[in-house]
Amino acid sequence: MNSDQYARQRDQIRTYFDQEPTRFEWIGSAGSGGYGICSALKEFLPDGKERKLVIKRAIGGESAALLVEIERLKQIQGGKHIVQTKTISNNPLQRAVPLESVGAFSDMTLGSGDESSRSEGSGPLSAILSGRSASSGQSTMAYPKPLIIMEFIGNGVLSDFIDKAGKARDLDLMLCRSLPNRVLWRFFFCLVRACVGMAWPNQLNDPDGERLLEEPRHEVEPGDFTHTDLSIENVMLGNIIHTELEHTTTPILKIMINLILLETYPTSPDGSSRGYSRISGDDEYHYDTDASAILPDDEGKNPFPYLDDDLRDKICECMAVDEEDRPELAGLFDYVKDKVLSRGAEYWFERRHQYDTGAAYWRETEIHMEWLLQSLLFEPVPFPNPYAKDDSLMKA
1 MNSDQYARQR DQIRTYFDQE PTRFEWIGSA GSGGYGICSA LKEFLPDGKE RKLVIKRAIG
61 GESAALLVEI ERLKQIQGGK HIVQTKTISN NPLQRAVPLE SVGAFSDMTL GSGDESSRSE
121 GSGPLSAILS GRSASSGQST MAYPKPLIIM EFIGNGVLSD FIDKAGKARD LDLMLCRSLP
181 NRVLWRFFFC LVRACVGMAW PNQLNDPDGE RLLEEPRHEV EPGDFTHTDL SIENVMLGNI
241 IHTELEHTTT PILKIMINLI LLETYPTSPD GSSRGYSRIS GDDEYHYDTD ASAILPDDEG
301 KNPFPYLDDD LRDKICECMA VDEEDRPELA GLFDYVKDKV LSRGAEYWFE RRHQYDTGAA
361 YWRETEIHME WLLQSLLFEP VPFPNPYAKD DSLMKA
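For the record, in the sequence shown the residue sitting at position 222 is 222 according to UniProt numbering, with numbers rising by one throughout.
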């Protein structure tokens, strides 16, 4: 599907919300690829508040896969570190609008000859989807494809943040040419919490209720959900949350779940290794890890001299090829949480003489972290650097 087809299908979705301009404001594209198209909009709520949402719909013949994803997402709702689904009361997409307003749906599924059109394109089911009786022939239609409505995460994906940080590093805009350890520990903790949220989901009766910080439940066996694409493209940066200690200086990270949510099968009796079943089909997964890239080389040269050794070693453990060599999740949670809470600026001040520059401490202070993250999130590179000519920071 090309960009024009993506745009046309977004326009068709937009038509439904344009029927109620006092309730909704269309924002535009929020990404596409694989089996889904994402669009963003703003909803004006009755209490005077507003919120941004992402509408994700299936493309091609992937309606059944998206329906399965919707059911899986319902099982892991409630955690703050997993992008959550939302609901819209009196949803415009569920009401019929004139076909002449939305244009032809033939390029979507109906009448296109693909799997979805064969099941939805004619007969009683088509009549149900289109909001008309089979006998009346009235030319109106509710939106004929399954959709997911998700919360809008406003600060982009982690891959973009890393690219921007790399540019700032290359321009010497970052002390020690790297992110502070306190930022990295907090980002790491967000990812651990997200994994905990898949292992021990927080169940919510109200889909729009308050999300909770994910915690291991030691008395309960972890579930069998596995994320096989926890890449930097599937991690979103949210807001700084001043009421939560681990998010007061760094934005919360949230993972996206897109047809990469798996359920594991038990090991077969013949002792063969555990396989995974992808929602969209069976497959085996193999991982190449490169943890050695952050370790000292054979000559003892450290490629990242300002990286916390404990953080480095724990990341290497998590990237071990053999599962039995990786840390147990509940124990990892406790370990990383302790480091987030106990290694504040004072910890690095006490160890400043271990480094060849005083910047190794200064970059761990709240004032520097706040400036750096605000710059990386909201300012174009190059951004002003107040520390560029401050020689006092360089003294160990």
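Cβ coordinates follow ideal geometry from the N, Cα and C atoms, glycine included.
Model, not experiment: these values are computed from the prediction.
F189 sits away from K314, with the two beta carbons spaced by 8 Å or more. Spatial neighbours of R51 in its own chain (CB-CB distance under 6 Å, excluding positions within 5 residues in sequence) are listed in chain order as E43. Proximity of the stretch 189 to 201 to the stretch 73 to 84 meets the contact definition, three or more beta-carbon pairs being nearer than 8 Å. Listed in chain order, the non-local C-beta contacts of P251 below 8 Å within the same chain comprise N155, L237, G238, N239, I240, L373, L377, local neighbours out to five positions each way being set aside. Listed in chain order, the non-local C-beta contacts of E25 below 6 Å within the same chain comprise K42, local neighbours out to five positions each way being set aside. Inclusion of L311 and N181 in the CB contact set at 8 Å is warranted, their separation being smaller than that value. R193 and H218 have their C-alpha atoms roughly 14 Å apart. The C-alpha of A30 is placed about 37 Å away from the C-alpha of R343. The stretch 296 to 309 and the stretch 155 to 165 do not touch, with fewer than three beta-carbon pairs separated by less than 8 Å. One Cα belongs to L175, the other to M150, and the distance between them is close to 37 Å. With contacts defined by Cβ atoms closer than 8 Å, I37 and R14 do not form a contacting pair. Take T249, set aside five residues on each side of it, and the residues of its chain with a beta-carbon closer than 8 Å to its own are R182, V183, R186, I240, E366, M369, E370, L373, in chain order. Each of L341, P327, H227, K254 was checked against the Cα of E246, and the nearest Cα belongs to L341. L179 sits close to A165, with the two beta carbons spaced by under 8 Å. When secondary structure is reduced to three states using DSSP, A40 falls in the strand class.
Ranking S89, Y306, E20, L73 by CA distance to the CA of G358 puts Y306 first.
Between R352 and A360 the beta-carbon gap is near 6 Å, inside 8 Å, which marks them as a contact. Ranked by Cα distance from M319, the options L230, A7, Q354, F349 are led by L230.
Shown here for F333: same chain residues with a beta carbon closer than 7 Å to its own, the five before and five after excluded, namely V192, V196, P216 in chain order. DSSP places L341 within a helical segment (H, G or I) once states are collapsed to three. In this structure, DSSP gives E244 a state outside helix and strand, which the three-state scheme calls coil.
T250 carries a coil assignment under DSSP once its states are collapsed to helix, strand and coil.
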